[in-house]
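Structure first, commentary second.
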Amino acid sequence: MTNVGLIGFGQWPRQAYAPLLGEMPQVRVAAVAARSHATRALAKGTFGAETKTFADYHELLNDPTVDAVLIALPNSLHAPVLQAAAKSKKHLFFEPPVAVDSETATYVLDALAASEGVVQADLELRYLPVMDNVLACIQSGRIGEPLMAKIRLWCNWGYEGGAWYDEVQEQSFFLWLGCWYLDVLDCIFKQTAIQASVVGGHHSNGTLMDAGWASLVYSGGGIGQLEFNLVIPQETTIELTVACRSGEIITDLQTGQWRWRGETGDWHLEHAPASTPAYGFVGMRESLQGFFDTIHAGGRPRANADVMRRVQHAAQLCAEVE
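Position one of the sequence shown corresponds to residue 239 (this note's numbering), numbered consecutively onward.
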């Protein structure tokens, strides 16, 4: 049994973490740290009256009965909490980004890399079964090495604003939301981004860039692009296209449907859906289960500190030229 502590119990952990943790027999939520009395009371109502609650997250980190910590807080709080958590010797699962500026991010990532427990960023798209299949197709060599890749996010999340409007006014889109999609490009190239250019607009969400393109050049020569539009009145579309030396792949990350073709030009249709129900977002089940599987089996998670360093760097490059 793994005893889990949550630092933060806002909308995201309530939607994604709580129901998933409740379905995992090998996990028990032992403690929750939250600032408000109302949130701490809600945590007890959700996980049971025996759940410990703390107003100060340091107390949770110092609790010897807690084995693993899940951290979900506003971005501005990530850096100090992650630095403290990295010293706790507990297993850590956290939401990107690690910080909102590059200097602080370096300190945090160094601390996470030195942490003694399992350290996993919640980059859930990396854990999708369809991404496993796409990467296996590329690694098989049947379509050659990837030369270009584009991840496309179209959604209505910012069509009429949201509860997060005030929070994001001082943030770059790429640090607020970009890490998950830049990580898909990282899955393809597995290299550090060395150059970025950004073109975009501000339509309905104040200072937040809510539509645009980011183009990146990677150290191995690959070219990646993130296309995003948050102000389209339609259901969410997340599509990955990969152009390889001898073929191409087109993938719908939401549904798990994908197709590939090689030199013959004939399309091969495949389907690898995520497990359901998808609490919070597609891939969350696989991401969180992967964290606990790594704790139990040993080794490093897919979304480890080295991956997060590359993804944070790519997001920072984009933010700096935004």
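C-beta: ideal position from N, C-alpha, C; glycine also.
Nearest-angstrom Cα distance between residue i and residue j?
| i | j | result |
| --- | --- | --- |
| GLN429 | GLN253 | 33 Å |
| ASP504 | THR479 | 16 Å |
| GLN527 | ILE309 | 16 Å |
| SER314 | GLN495 | 36 Å |
| TRP498 | VAL549 | 26 Å |
| MET369 | VAL520 | 12 Å |
| ARG538 | VAL357 | 8 Å |
| GLY227 | ALA510 | Coverage of the chain is limited to positions 239 through 560, which leaves residue 227 absent and any answer about it impossible. |
| LEU258 | GLU501 | 42 Å |
| GLN407 | ARG390 | 23 Å |
| GLY260 | PHE247 | 15 Å |
| HIS440 | ASP490 | 27 Å |
| SER457 | GLN433 | 9 Å |
| GLU354 | GLU486 | 40 Å |
| LEU423 | SER453 | 11 Å |
| SER274 | HIS506 | 53 Å |
| THR240 | GLU297 | 18 Å |
| VAL336 | ASP421 | 14 Å |
| GLU560 | LEU468 | 16 Å |
| HIS534 | LYS328 | 13 Å |
| LYS290 | VAL267 | 9 Å |
| ASN443 | GLY536 | 43 Å |
| TYR295 | GLU405 | 21 Å |
| LYS325 | ALA269 | 18 Å |
| TYR397 | GLN472 | 9 Å |
| LEU555 | GLU288 | 45 Å |
| ALA449 | PRO312 | 22 Å |
| PHE195 | ILE488 | In the structure displayed, the chain extends from 239 to 560; residue 195 sits before or after that span and is not available. |
| VAL242 | TRP451 | 39 Å |
| MET262 | ALA256 | 10 Å |
| GLY283 | TYR419 | 34 Å |
What residues are listed by DSSP as bridge partners for residue i?
| i | result |
| --- | --- |
| GLN492 | The partner list for GLN492 (beta bridge, DSSP) is empty, contrary to what the question assumes. |
| GLU486 | ALA481 and ARG499 |
| ARG266 | ASN241 |
| TRP392 | ASN467 and THR475 |
| ASP386 | The sequence shown places Met at residue 386, rather than the Asp named in the question. According to DSSP, which records beta bridges pairwise, MET386 is partnered with ILE461 and ALA481. |
| GLU341 | None; GLU341 has no bridge partner. |
| HIS506 | TRP498 |
| THR291 | VAL270 |
| LEU280 | Partner(s): none; LEU280 has no beta bridge. |
| PHE331 | LEU308 and GLN358 |
| GLN433 | VAL455 |
| GLY439 | ALA449 |
Give me, in chain order, the residues of the same chain whose beta-carbon lies closer than 7 Å to that of residue i; leave out the 5 immediate sequence neighbours on both sides.
| i | result |
| --- | --- |
| SER513 | ARG523 and GLU524 |
| ALA351 | ALA543 |
| GLU508 | ASN371, TRP496 and ARG497 |
| SER435 | SER453 and VAL559 |
| ARG547 | LEU347 |
| SER340 | GLN554 |
Give a yes or no on whether the C-beta atoms belonging to residue i and residue j are separated by under 8 Å.
| i | j | result |
| --- | --- | --- |
| ALA281 | VAL307 | no |
| ALA271 | PHE292 | yes |
| ARG278 | ALA541 | no |
| ALA359 | PRO334 | yes |
| PRO417 | ALA553 | Note that residue 417 is Cys in the sequence shown, not Pro. Taking 8 Å as the Cβ cut-off, CYS417 and ALA553 qualify as a contacting pair. |
| PHE530 | GLN249 | no |
| HIS551 | ALA431 | yes |
| CYS393 | THR474 | yes |
Could you pull out every residue in the same chain whose Cβ sits closer than 6 Å to the Cβ of residue i, ignoring the five residues on either side in sequence?
| i | result |
| --- | --- |
| ILE476 | LEU391, LEU491 and GLN492 |
| ALA557 | SER410, PHE412 and LEU413 |
| GLY518 | GLN253 and ALA254 |
| ILE381 | CYS482, SER484, GLY485 and GLY500 |
| ALA343 | VAL336, ALA337 and GLN550 |
| TRP395 | LEU468 |
| GLN321 | VAL346 and ALA349 |
Leaving out the 5 sequence neighbours to the left and right, which residues in its chain are closer than 8 Å to residue i when beta-carbon positions are compared?
| i | result |
| --- | --- |
| PHE427 | PRO384, ALA387, TYR456, GLY458, GLY460 and GLY462 |
Open item on the list: With three or more beta-carbon pairs closer than 8 Å as the criterion, would you say the stretch 345 to 353 touches the stretch 457 to 470?
Closed with: They do not touch, by the three-pair rule.
- [ ] Could you tell me whether the stretch 293 to 306 touches the stretch 373 to 393, where touching means 3 or more Cβ pairs closer than 8 Å?
- [x] No contact exists between the stretch 293 to 306 and the stretch 373 to 393.
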